[in-house]
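Protein chains in written order, with our numbering: chain A, -1 to 239; chain B, 3 to 220. Everything on this sheet refers to the single structure shown next.
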Amino acid sequence: MSIWEYANPTKFMRTTDGLLPWLVAGAAVCCVGGLVWGFLTPQDFRQGSTVKIVFLHVPAAMMAINIWVMMLVASLIWIIRRHHVSALAAKAAAPIGAVMTLIALATGAIWGQPMWGTWWEWDPRLTSFLILFLFYVGYIALWSAVEDPDSAADLTGVLCLVGSVFALLSRYAVLFWNQGLHQGASLSVAPGERMSAVYRYPLYLSMLGFMLLFLALVLIRTRTEIRRRRLAALQAREMRA
Amino acid sequence: MIALLIRDLRLATRAGGGFGLGVAFFLVLSALVPFGIGPDRAALAPVAPGILWVGALLACLLSLDRIFALDHEDGSLDLLATAPLPLEGTVAVKALAHWITTGLPLILAAPVFGVLLQLPPAAMPWLVLSLLLGTPALSMLGAFGAAITVGLRRGGLLLSLLVLPLYIPTLIFGAEVTRRGAEGAAVQTPLVFLAGITLAAAALIPFAAAAALRINLR
C-alpha cells in the first residue's frame, strides 16, 4: 500500500467517491459553525463588531497561500513522477486559490475602511496578496491557452516552480519597499500577543472549515477534470472508428 | 555560441528586426508622462525614477516575443534544439542578444529621458547603474516567458501577463536605487539585491526556459 496507488485515476475516483460526502458535510458543519459562532462572539472593545470579519478574512488568506503551496507540490509530483491526477489536481486548485485570494483582499478592504480609514493601502501584506493574485491569474490563463493537455500540464508546472520563487521573492521585496499598516502574525503562539480565546476557538473552527471546503472543492473539480479527460478519449476513439 | 550571438544581433539590426523600437517606445512614454502629470518640475522629479524604470520594463517587454517566435516559425528553433550546443546555452545566448539589442540602448538613452523627466542630476549615475544591473534580469525572465508562450497562436498578451509579475522584485529594487540616489541616501542594500536577482536569474532561468522550450518543441 503506497500513496502512489492514488495516482491511478480509477482508484482515485473510487476512493474519493466514498470520501466526498463526509468532506462536504464536515466542511458545511465547520464553516457554518465557525462563522455563526464567530458572529455570536462579543464585540471587541476597540474594533467593535468589525472584528467579526476575521472569521472570513484569516481562513481565506491562509488558504490562498496554502493552495499555492499545494499546487507547487502537485506540480512537482507531476514533473517528477508523471501522475496525471496530480497535474489535474493542481489545475483544479488554481481557480479556488484565486477566489480565496480575492476573498481575502475584499474582506480586508471592507475591514480596512472603518479601521484604517482606507479601502486600500500599499502595505506589504496587501501588496503581496495582489501579486499572488496576479500569479494565480497567469497560471490559470496559461492552462486555458495551451491546447495539448500534457504540454499544458508541463508548462504550467514549470511556471508554478518559477512563479513560487518569484512570489516568495516579491513577498520579501515589498517588505523592503514599504512598511505597512497590517499587523504581524495573527495567530502568534507567544503569550501576550495571542488573540483572546473568545475569538481564537471560533477562528480555528472556521479555518478547519475552509480547509475541508477546499479539499471537497478540489476533489470535485479533479473528478470533473478526470471525467472530461475520459470523455475526450471516448470521443477521440469514436472519431477514429 | 558566439556565432549564434552574432546571427541574432544581425537579424535584430537588419530591416524589420525591430532594433531601436524599444528606445523609441521609451521616448514616447517619457514624452507622454508630462502630459498626464503636468509639466511642473516639483511634480515630475519625485516620480521620475519610477516612470523611467517602468518605461524600461515595458520597452523590454515589447520585443520579448521576438526572442523565439520568429525562429519557431521558420523552423530554425528545431535545428537549434538538435544542435550540439545545449538548449540552456541557446537560451542564455538569445537572452544576451535581446539584452544587447534592447537593454543596452535603453541604458544609453536613459539619462536623456531622465533629463526630460527632471530627474535630479545626482541620480543619473545610479539610474544608469541600476539599469545596467537590472535589465539583464529582465531579458532573462523575458526569455523564460517567451519560451513558455512560443507555441501559442495569441501568445503576446499572455506573455505580458506571465512576465510582468516576475518583474516586480527587479522593479522594486531598481527604482529604489534610483530614488535613493536622487535623495542622496545610501544605495548599497538595494543595489546588492538587484545584482543578486540578476545573477540568480542568469544562473537558473536558462534551465527553466530550456525545459519550457523542450515541452513546446515536443
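Even for Gly, the Cβ is constructed at its ideal location relative to N, Cα and C.
Listed by chain order, chain D residues near residue i by CB distance under 8 Å
i: F70 (chain B); result: Annotation note: the requested chain D is absent from the structure, which comprises protein chains A and B.
Presumed contact (8 Å Cβ cut-off) between residue i and residue j, rounded CB distance
i: S142 (chain A); j: G32 (chain A); result: With 8 Å as the limit, S142 (chain A) and G32 (chain A) do not qualify as a contact, their Cβ atoms being about 33 Å apart.
i: P113 (chain B); j: M126 (chain B); result: 5 Å
i: G116 (chain B); j: L129 (chain B); result: 6 Å
i: P51 (chain B); j: A197 (chain B); result: Actually they are not in contact, since the Cβ atoms of P51 (chain B) and A197 (chain B) sit about 18 Å apart, beyond 8 Å.
i: L153 (chain A); j: L140 (chain A); result: 6 Å
i: I2 (chain B); j: L119 (chain B); result: Past the edges of chain B, shown from 3 to 220, lies residue 2 (chain B), and the structure says nothing about it.
i: L143 (chain B); j: A203 (chain B); result: 6 Å
i: I69 (chain B); j: A148 (chain B); result: 4 Å
i: A212 (chain B); j: V93 (chain B); result: 5 Å
i: Y169 (chain B); j: L201 (chain B); result: Contact flag wrong, Cβ pair sits at about 16 Å.
i: G155 (chain A); j: F133 (chain A); result: Not quite, the Cβ-Cβ distance comes to about 14 Å (not below 8 Å), so this is no contact.
i: L31 (chain B); j: L11 (chain B); result: No, L31 (chain B) and L11 (chain B) are not in contact; Cβ-Cβ is about 25 Å, not under 8 Å.
i: F53 (chain A); j: L201 (chain A); result: 6 Å
i: L79 (chain B); j: L23 (chain B); result: Going by Cβ atoms, the distance from L79 (chain B) to L23 (chain B) rounds to 22 Å, so no, they are not a contact pair.
Limits of the unbroken alpha helix (DSSP H) element including residue i
i: Y144 (chain A); result: One detail in the question is off: residue 144 (chain A) reads as Val in this sequence, not Tyr. Here V144 (chain A) belongs to no alpha helix (DSSP H), and DSSP marks it neither H nor E.
i: E178 (chain B); result: 157 to 185
i: R227 (chain A); result: 195 to 238
i: I78 (chain A); result: 52 to 79
i: P7 (chain A); result: 7 to 37
i: R68 (chain B); result: Looking at the DSSP string, R68 (chain B) is not in any alpha helix (DSSP H), and its letter there is neither H nor E.
i: R216 (chain B); result: 190 to 219
i: P113 (chain B); result: 106 to 118
i: T137 (chain B); result: 126 to 150
i: A99 (chain B); result: 89 to 100
i: S78 (chain B); result: 78 to 84
i: P41 (chain B); result: That residue, P41 (chain B), is in no alpha helix (DSSP H); it is neither H nor E in DSSP.
i: P112 (chain A); result: 82 to 114
i: L11 (chain B); result: 4 to 15
Residues near residue i in its chain [Cβ-Cβ closer than 6 Å; skip 5 each side]
i: T15 (chain B); result: F21
i: H82 (chain A); result: none
i: Q41 (chain A); result: S47
i: L160 (chain B); result: T151
i: F131 (chain A); result: T99
i: A58 (chain A); result: M98, I101, A102
i: T220 (chain A); result: L86, A87, A90
i: G6 (chain B); result: Per the sequence shown, residue 6 (chain B) should be read as Leu rather than Gly. Answer for L6 (chain B): V95, listed in chain order.
i: F10 (chain A); result: Y4, V83
Where residue i falls, given that 16 or more other Cβ within 10 Å makes a residue buried
i: K50 (chain A); result: buried
i: S73 (chain A); result: buried
i: V30 (chain A); result: exposed
i: L81 (chain B); result: exposed
i: W2 (chain A); result: exposed
i: S132 (chain B); result: buried
i: A210 (chain B); result: buried
i: G38 (chain B); result: exposed
i: M69 (chain A); result: buried
i: P88 (chain B); result: exposed
i: R198 (chain A); result: exposed
i: M61 (chain A); result: buried
i: R225 (chain B); result: Outside the shown range of chain B (3 to 220) lies residue 225 (chain B), about which nothing can therefore be said.
i: P122 (chain A); result: buried
Close-in-space but distant-in-sequence residues of the same chain around residue i (CB under 8 Å, 5 per side omitted)
i: W118 (chain A); result: A107, G110, L124
i: L111 (chain B); result: Correcting the residue identity first, residue 111 (chain B) is Ala in this sequence and not Leu. The residues are V25, F28, L29.
i: G91 (chain B); result: M3, P208
i: A71 (chain B); result: A148, V152, G157
Cβ-based neighbour list, residue i, same chain, cut-off 7 Å, excluding 5 preceding and 5 following
i: S126 (chain A); result: S168, R169, V172
i: G186 (chain B); result: A124
i: A151 (chain A); result: W76, A85
i: A214 (chain A); result: L18, L21, V22, A25
i: L211 (chain A); result: A25, C29
i: V216 (chain A); result: A87, A90, A91, I94
Chain A contacts from the stretch 164 to 184 of chain B (Cβ-Cβ distance under 8 Å): Taking 8 Å as the Cβ-Cβ cut-off against chain A, the residues of the stretch 164 to 184 of chain B that qualify are L164, L166, P167, L168, I170, P171, I174, F175, E178.
The stretch 138 to 152 of chain B: which residues have C-beta closer than 7 Å to a C-beta of chain A, in chain order? Within the stretch 138 to 152 of chain B, contact with chain A at the beta-carbon level (separation under 7 Å) is assigned to F146, I150.
For the stretch 86 to 106 of chain A, which residues have a beta carbon sitting closer than 9 Å to at least one beta carbon of chain B? So the list is empty, because no residue satisfies the distance condition.
Near-chain B residues of the stretch 161 to 173 of chain A (beta-carbon distance less than 9 Å), N- to C-terminal order: Listed by position, the residues of the stretch 161 to 173 of chain A near chain B (Cβ gap below 9 Å) are G161, V163, F164, A165, L167, S168, Y170, A171, V172.
Taking a cut of 8 Å between CB atoms, which residues from the stretch 132 to 150 of chain A lie near chain B? Cβ contacts with chain B come from L132, F133, V135, G136, A139, L140, A143, V144, S149.
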